[in-house]
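Input: a single structure, listed below in structure tokens.
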Amino acid sequence: MYSSAYGAEKTAELPTAYEWIAEERLELCGGIQWIDPSKIEGDEIEKLLGQLKKSRAENLNLQRVPVCPIDSVFVSGGKDQLLNFVSKRNIKMVQDLRDGVYGPPRFCAVLQALDTNRVASVGTMLNIVGMKEMKAKESDEIAGVIIKVAPEENVSVLSFENPKAWEPEQRLLGSDAYLIAEVQQIESDKNEDEGIEEEIEKLSKELADDFSAVRAMYLDKNGVVIRDLPDFDIVTFSWQLPDAEVVKKRDYMDESTFWKGLEQWQDLCYAARKAYKAKNQVKSLEMCVEASLATFGKMKYPIDREAYPPEYQKAIKSIEDEGAKEYACLETIDPVLTLQGVLSAPSHLDRLKLLHKVISSERKRLEDLMG
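First residue of the sequence shown: 232, per the working numbering; consecutive thereafter.
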């Protein structure tokens, strides 16, 4: 079905290289901290143990919960999402949560970077509000589970109880062992500095203006920005930007409503990237149709590019290469790493600065396209 909360059409590209991409796009991704649950050592473990010791001493709401590495980022207080799990460890985790092993059926979702086998140190608590088990065709064995989750608070991962569960051998053998960790809710900032409040207000106003401008350019179907992006195509069937209330300055200023604006930006990123991908897929398919008609006098399925004349094969590859280059330039509308950077930011002011940098950069990119 789908591997992330957003379905097949929304899963971010290159999930195998998240950490590398985050380093390459440091200005747009912020300071994401990555940890390897199976091999925490040196400075990493000293830092985590220091945080854990301090939190225990101050009794700061530590929670012992399952941890689920995944390829998506969830916005605190955002819309309910669906997850489809087929691995033994995730099925076992959901069943244990259903059976009340950890109390309320909540777990921590963290972004996973497959290129380094590490996970982000900041995640989001997900509350399971519905589930459905899927049985194998030939037996009564549970082959997968679909769960509906409500994103709740953001948390820092402080220590892993069973790091061996994340060792490559365990996953290669299909073990049902899943990670368990102590996590701590990230508290709201208490900014008393008048200068900081003024800066927050200024950034919030600019953010609201930039978001409105970017969204308007994407919604203008006759505009130069997306005039060649399809409203309807045979690959993805349709695309649209979700209806949303206009995000105002006060929404960004207030920490409790900031996440609403962040989720709207994530929705826009997913929709725009889907549209760009659809455009390039349609162009490639149109050239395949032309090549098939020229070669066979009809549209022949399945498509076999090697059967087309060399000039058509070259034209199809050229279209795909150009599409790939265009797609690679969409770094300012990344719905995963930018969101993780915002979640990982140490303060509300830092979150605003990063999101402002990203949205203002996208506005400039679109305005440059418009000339």
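Quick reminder that beta carbons are idealized off the backbone N, C-alpha and C, glycines included.
The three-state reading of DSSP puts E413 in strand, counting E and B together. Annotated three-state conformation of L389 is strand, per DSSP. Annotated as distal: K491 and K436, with beta-carbon spacing of 7 Å or more.
Taking a cut-off of 8 Å for Cβ pairs, the region 503-522 and the region 555-565 touch, as three or more such pairs fall below it. With contacts defined as CB atoms closer than 7 Å, Q415 and E384 fail to qualify as a contacting pair. When DSSP reads this structure, I427 sits in no beta bridge, so it has no partner.
The beta-bridge partner set that DSSP reports for L314 consists of I378. Assigned with DSSP and collapsed to three states, P394 falls in helix.
A Cβ-Cβ separation of about 7 Å places S406 in contact with K319 under the 8 Å criterion. Inclusion of P394 and L357 in the CB contact set at 7 Å is not warranted, their separation being larger than that value. Judged by DSSP secondary structure, E254 falls within the alpha helix (DSSP H) whose first and last residues are 249-255. Annotated three-state conformation of C260 is helix, per DSSP. No Cβ-Cβ contact shorter than 7 Å links V573 with L259. For the pair L313 and K379, the CB atoms are nearer than the 7 Å cut-off. The beta carbons of V296 and S352 sit no closer together than 7 Å. According to the DSSP assignment, L345 belongs to no alpha helix (DSSP H), since it is labelled neither H nor E.
The beta carbon of K531 is closer than 6 Å to those of S523 in its chain, skipping five residues each way along the sequence. Contact between the region 535-554 and the region 569-585 is absent, with fewer than three C-beta pairs closer than 8 Å. Between the C-alpha atoms of E593 and F489 there is a straight-line separation of about 19 Å. In the structure shown, K323 adopts helical secondary structure according to DSSP, grouped into three states. V325 and D482 have their C-alpha atoms spaced approximately 34 Å apart.
The three-state secondary structure of C519, taken from DSSP, is helix. F338 counts as buried, since no fewer than 16 other beta carbons sit within 10 angstroms of its beta carbon. Take the alpha-carbon of P399 and the one of Q343: they are about 14 Å apart. For M484, the uninterrupted alpha helix (DSSP H) run begins and ends at 480-484, by DSSP.
With a contact defined as Cβ atoms closer than 8 Å, H579 and I431 qualify at about 7 Å. N292 sits exposed, since fewer than 16 C-beta atoms from the chains shown fall within 10 Å of its C-beta. Look at P541 here: in three-state DSSP terms it is helix. About 14 Å separates the beta carbon of L568 from that of R349, a gap too long to meet the 8 Å contact definition. Under the three-state reduction of DSSP, N358 is assigned to strand.
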